Amino acid sequence: MSAHNPLKPSERMRIPRQESIEQEAAIRSINFLEVSFGFDEDRALRESQRCLECKEPYCTDGCPVGIDIRAFIDLVVQKDYVGAVKKIREANYLPAICGRVCPQESQCEEVCVMGKKHPPVAIGKLERFVADYEMKHDLFTPPEVKEKRTEKVAIVGSGPSGLTCAAELAKMGYRVTIFEALHAVGGVLRYGIPEFRLPKEILDLEASRIKALGVEIFTNFVVGRTATIDELFDEWGFNAIFLGTGAGTPTFMGIPGENLSGVYSANEFLTRVNLMGAYRFPANDTPIKVGKAVGVIGGGNTAMDAVRTSKRLGAEKAYLIYRRSRGEMPAREEEIHHAEQEGIEFLLLTAPVRILGSSDNWVRGIECQKMELGEPDESGRRRPVPVKGSEFTIELQTIIEAIGQKPNPIIQATTPGLETSRRGTVVINEKQKTSRDGIFAGGDLSRGGATVILAMKDGKAAASAIRDYLTGLTAPQT
Amino acid sequence: MYPIIDRKAIAPTITRLEIKAPFIARKRKAGNFVMVRVEEGGERIPLTIADGDPVAGTITLIVQAIGGTTKLLCSKKAGDALLDVVGPLGNPTPIARHGTVACVGGGVGTAELYPIARALKEAGNTVLTIIGGRSKELVILEQEMAACTDRVFVTTDDGTYGRKGLVTAQLKDILDSPGGVNAVYAIGPLPMMKAVANLTRSYGVETLVSLNTIMVDGTGMCGGCRVTVAGEMKFACVDGPEFDAHTVDFDELMMRNRTYVDLEKISDTKHVCRLTGQVQEAHP
Numbered sequence: 211m212s213a214h215n216p217l218k219p220s221e222r223m224r225i226p227r228q229e230s231i232e233q234e235a236a237i238r239s240i241n242f243l244e245v246s247f248g249f250d251e252d253r254a255l256r257e258s259q260r261c262l263e264c265k266e267p268y269c270t271d272g273c274p275v276g277i278d279i280r281a282f283i284d285l286v287v288q289k290d291y292v293g294a295v296k297k298i299r300e301a302n303y304l305p306a307i308c309g310r311v312c313p314q315e316s317q318c319e320e321v322c323v324m325g326k327k328h329p330p331v332a333i334g335k336l337e338r339f340v341a342d343y344e345m346k347h348d349l350f351t352p353p354e355v356k357e358k359r360t361e362k363v364a365i366v367g368s369g370p371s372g373l374t375c376a377a378e379l380a381k382m383g384y385r386v387t388i389f390e391a392l393h394a395v396g397g398v399l400r401y402g403i404p405e406f407r408l409p410k411e412i413l414d415l416e417a418s419r420i421k422a423l424g425v426e427i428f429t430n431f432v433v434g435r436t437a438t439i440d441e442l443f444d445e446w447g448f449n450a451i452f453l454g455t456g457a458g459t460p461t462f463m464g465i466p467g468e469n470l471s472g473v474y475s476a477n478e479f480l481t482r483v484n485l486m487g488a489y490r491f492p493a494n495d496t497p498i499k500v501g502k503a504v505g506v507i508g509g510g511n512t513a514m515d516a517v518r519t520s521k522r523l524g525a526e527k528a529y530l531i532y533r534r535s536r537g538e539m540p541a542r543e544e545e546i547h548h549a550e551q552e553g554i555e556f557l558l559l560t561a562p563v564r565i566l567g568s569s570d571n572w573v574r575g576i577e578c579q580k581m582e583l584g585e586p587d588e589s590g591r592r593r594p595v596p597v598k599g600s601e602f603t604i605e606l607q608t609i610i611e612a613i614g615q616k617p618n619p620i621i622q623a624t625t626p627g628l629e630t631s632r633r634g635t636v637v638i639n640e641k642q643k644t645s646r647d648g649i650f651a652g653g654d655l656s657r658g659g660a661t662v663i664l665a666m667k668d669g670k671a672a673a674s675a676i677r678d679y680l681t682g683l684t685a686p687q688t
Numbered sequence: 006m007y008p009i010i011d012r013k014a015i016a017p018t019i020t021r022l023e024i025k026a027p028f029i030a031r032k033r034k035a036g037n038f039v040m041v042r043v044e045e046g047g048e049r050i051p052l053t054i055a056d057g058d059p060v061a062g063t064i065t066l067i068v069q070a071i072g073g074t075t076k077l078l079c080s081k082k083a084g085d086a087l088l089d090v091v092g093p094l095g096n097p098t099p100i101a102r103h104g105t106v107a108c109v110g111g112g113v114g115t116a117e118l119y120p121i122a123r124a125l126k127e128a129g130n131t132v133l134t135i136i137g138g139r140s141k142e143l144v145i146l147e148q149e150m151a152a153c154t155d156r157v158f159v160t161t162d163d164g165t166y167g168r169k170g171l172v173t174a175q176l177k178d179i180l181d182s183p184g185g186v187n188a189v190y191a192i193g194p195l196p197m198m199k200a201v202a203n204l205t206r207s208y209g210v211e212t213l214v215s216l217n218t219i220m221v222d223g224t225g226m227c228g229g230c231r232v233t234v235a236g237e238m239k240f241a242c243v244d245g246p247e248f249d250a251h252t253v254d255f256d257e258l259m260m261r262n263r264t265y266v267d268l269e270k271i272s273d274t275k276h277v278c279r280l281t282g283q284v285q286e287a288h289p
């Protein structure tokens, strides 16, 4: 036990897990402000004192990027919040983002020893607290870059994997340039995650900290179109390239009626709202249409974001239609809970059969059938099986399909020799290396749809692999 | 920012803009488009690249002021700048040596057709151009087309210039003439392209159309541009924008394109107060 926390383990265990301050569900479901305001200093200090400072800190093993959690919490105990966030940033350059969107309950907090008998230490909320503290008091200073290197690395895509890879390489002293297709940085953090979970102001600040490391960012640059990968090597003189273009292409179910007006992919719906600011139409020009009754198909985080957004845009009835049961939903528990609080109606064990249209080609409803759970499938979850004769119809004016995304095909189609899988993902080895020399990849582009933190883990691993690759190129041949 | 180097009104409501965008100018090919966002808070809209100069680093856009964003764009002057221009997007037009080709442009679609007609000519085709417009002043690029293709026919709906009637009447005459044509490229309003498709289908002549759809990003992310082609779902931005005209479900696309008609009216007539940020109806 450190000298900083005077409490005995039994005393620490008696402190209840601190709850963060949240907007009330009735109010927040009609605004786009952040749902959770996080911890204040008192709560953060009390929570930090719950940490048992285990000799074997399982929490760090549970963290995909290996943050020294015990050490940062000890700094919180000492009220050295800036020291704490610096400690986090050694392993994770985007703490204000991860403190908000990471699924801590299935990572660091799941293995927290306190969690065996009591609720685990609120590691995520503490991470967010120190990051927000530094932001609020404007205390950020970029880490010192010890040696400058001459090699140039291109990062394609400014989502979580690209930003992390860029930050790690810049810290190692490489010259890093990020190419982003959209007009703003962040990738899925920008177009996918709503303002009420991750304010754009926070994203802008985190991005400015990447720039503070000397990273150059080109927006409006579609690699594969504006310049190809081979041109980035041959004409722009990059020595290595990291591909982090994510999984941005929506998939559709393939049921009748999907091209009716009023049917959106979750990507289109969220991009209109988050990237283009359609929730402020007509002050912003991009329109969006939300009917009185909205149905969102899917059970992941994207589905939760879409259905909660539709409620905020004025839907009187917002349904989540999911073919398995609540327990199989891939969404984070916190998001499911928040959705329930906000009055989202869950139609579980329900699968859409066809979308019904009006004579003027607008959605008027959806026909569904009830499902029951059968034997486990290859994902380990019990396979939903249709119940005969259970068809029923719901009246809806808007339908949003959130059934998953796949990688955008532009780079794969314009880069000879880049091996892809049948699912369209880029094939990599355990060191994030693709089939092409000098090209690395990570995040959803190689995983096919995962989390922000796993994308960051890949970005970090790729940065190390790129360093090894570039060092190998310059090492004397023996 | 992407500066406007030159601006010229070429017809009532139609403006030609030369825009500095060196990376795009280097790479663009006939059939490519760009996504443009004029200013903060604005929409992203797709616009086909009409021409480009890789040495000067400029691209040419020809824009008809029909909605809020295009009106704003057409009101810009040389020396102003556009906030975002990204591209070149979409697949370039497949340019092959067919023999004799008819290029059919309707309204501002003629601007999109221009680089294609030129590329087809350069590839060794005999190119017959049909330019259609509602009336004389909306017939654009006649001289430019005359300079780069073999023959130009003009039709106007009201008969104020050229032949009175629709482009399809002229095209039918060409299809019926000895030798006919080996391929047709048609770009214009959806009803026009549909009519061309129906006509050439009966002649069995290969026909390509370029589809204007709802788009948000233009890079394959949103799926707003989905169209049914040969019974399959395609994204106009990455699978197109050009498709075999005989397999496109035009009726579905025309209905999809009406999705935001009522909201576009609001957006078109709104006035955002620069002082308070409040949105008001514009004065008539």
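Note that the protein sequences, when read in sequence, are chains A and B. Remember, my numbering sits 210 above the position in the first sequence when you count from 1. Remember, my numbering sits 5 above the position in the second sequence when you count from 1. Quick reminder that beta carbons are idealized off the backbone N, C-alpha and C, glycines included. Remember, it's a predicted structure, so these values are computed and weren't measured experimentally.
Cutoff 8 Å: residue i Cβ touching any chain A Cβ
{"i": "MET6 (chain B)", "result": "no"}
{"i": "LEU268 (chain B)", "result": "yes"}
{"i": "SER272 (chain B)", "result": "yes"}
{"i": "ILE29 (chain B)", "result": "yes"}
{"i": "GLY229 (chain B)", "result": "yes"}
{"i": "PRO93 (chain B)", "result": "yes"}
{"i": "ARG21 (chain B)", "result": "no"}
{"i": "LYS25 (chain B)", "result": "no"}
{"i": "MET197 (chain B)", "result": "no"}
{"i": "ARG206 (chain B)", "result": "no"}
{"i": "GLU48 (chain B)", "result": "yes"}
{"i": "ALA16 (chain B)", "result": "no"}
{"i": "LYS169 (chain B)", "result": "no"}
Buried/exposed call for residue i, threshold 16 Cβ in 10 Å
{"i": "PHE247 (chain A)", "result": "exposed"}
{"i": "ASP89 (chain B)", "result": "buried"}
{"i": "THR20 (chain B)", "result": "buried"}
{"i": "PRO289 (chain B)", "result": "Legend: pLDDT at PRO289 (chain B) = 40, less than 50; position of this residue unreliable, value from coordinates given subsequently. With fewer than 16 Cβ atoms within 10 Å of its Cβ, PRO289 (chain B) is classed as exposed."}
{"i": "ILE237 (chain A)", "result": "exposed"}
{"i": "GLN228 (chain A)", "result": "buried"}
Rounded Cβ spacing between residue i and residue j (contact assumed at less than 8 Å)
{"i": "VAL366 (chain A)", "j": "GLY454 (chain A)", "result": "6 Å"}
{"i": "ALA376 (chain A)", "j": "GLY396 (chain A)", "result": "Going by Cβ atoms, the distance from ALA376 (chain A) to GLY396 (chain A) rounds to 12 Å, so no, they are not a contact pair."}
{"i": "ASN187 (chain B)", "j": "VAL106 (chain B)", "result": "7 Å"}
{"i": "GLU478 (chain A)", "j": "VAL221 (chain B)", "result": "6 Å"}
CB contact check: residue i to chain B, cutoff 8 Å
{"i": "PRO497 (chain A)", "result": "yes"}
{"i": "ASN215 (chain A)", "result": "no"}
{"i": "ILE620 (chain A)", "result": "yes"}
{"i": "SER568 (chain A)", "result": "no"}
{"i": "HIS482 (chain A)", "result": "Position check: residue 482 (chain A) holds Arg in this sequence, whereas His was assumed. Chain B contact via Cβ: present."}
{"i": "GLY458 (chain A)", "result": "yes"}
{"i": "ALA391 (chain A)", "result": "yes"}
{"i": "PHE339 (chain A)", "result": "no"}
{"i": "SER471 (chain A)", "result": "yes"}
{"i": "GLY487 (chain A)", "result": "yes"}
Nearest neighbour of residue i, chosen from the options [CA to CA]
{"i": "ASP85 (chain B)", "options": "B:GLU211, B:THR131, B:LEU216, B:ILE9", "result": "B:ILE9"}
{"i": "ASP252 (chain A)", "options": "A:ALA660, A:GLU315, A:VAL340, A:LYS296", "result": "A:VAL340"}
{"i": "GLN69 (chain B)", "options": "B:THR154, B:ARG102, B:GLU117", "result": "B:GLU117"}
{"i": "LEU52 (chain B)", "options": "B:ALA235, B:GLY209, B:GLU269, B:VAL113", "result": "B:VAL113"}
{"i": "ARG490 (chain A)", "options": "A:GLY464, A:THR519, A:ARG256", "result": "A:THR519"}
{"i": "THR224 (chain B)", "options": "B:ARG206, B:LYS126, B:VAL41, B:ALA35", "result": "B:VAL41"}
{"i": "LYS126 (chain B)", "options": "B:LEU143, B:LEU87, B:ARG102", "result": "B:ARG102"}
{"i": "PRO93 (chain B)", "options": "A:LEU217, A:GLU545, A:VAL433", "result": "A:VAL433"}
{"i": "ARG522 (chain A)", "options": "A:ILE554, A:ARG534, A:ILE604", "result": "A:ILE554"}
{"i": "ALA235 (chain A)", "options": "A:ASN469, A:HIS548, A:GLY524, A:SER656", "result": "A:HIS548"}
{"i": "GLU605 (chain A)", "options": "A:CYS578, A:LEU628, A:PRO596", "result": "A:CYS578"}
Near the ligand COA: residue i beta-carbon under 7 Å from a heavy atom
{"i": "ASP440 (chain A)", "result": "Of ligands this structure carries none, so the ligand COA is not represented either."}
C-beta neighbour in chain D for residue i, strict 8 Å
{"i": "TYR166 (chain B)", "result": "Absence of chain D from the displayed structure is noted, the protein chains being A and B."}
TODO: Anything in the region 411-440 of chain A with a Cβ closer than 8 Å to a Cβ of chain B? List those residues in chain order, please.
DONE: THR429, ASN430, PHE431, VAL432, ARG435, THR436, ALA437
- [ ] Name, going along the chain, the residues of the region 214-225 of chain B whose beta-carbon falls closer than 8 Å to a beta-carbon of chain A.
- [x] VAL221, ASP222, THR224, GLY225
TODO: Please list the residues of the region 146-158 of chain B that have a C-beta atom closer than 7 Å to any C-beta atom in chain A, keeping them in chain order.
DONE: none
Open item on the list: If the cut-off is 7 Å on Cβ atoms, which residues from the region 71-89 of chain B count as contacting chain A, listed in chain order?
Closed with: GLY73, THR74, ASP89
Task: Short-range partners of chain A found in the region 119-133 of chain B, where Cβ spacing is below 7 Å - done: none
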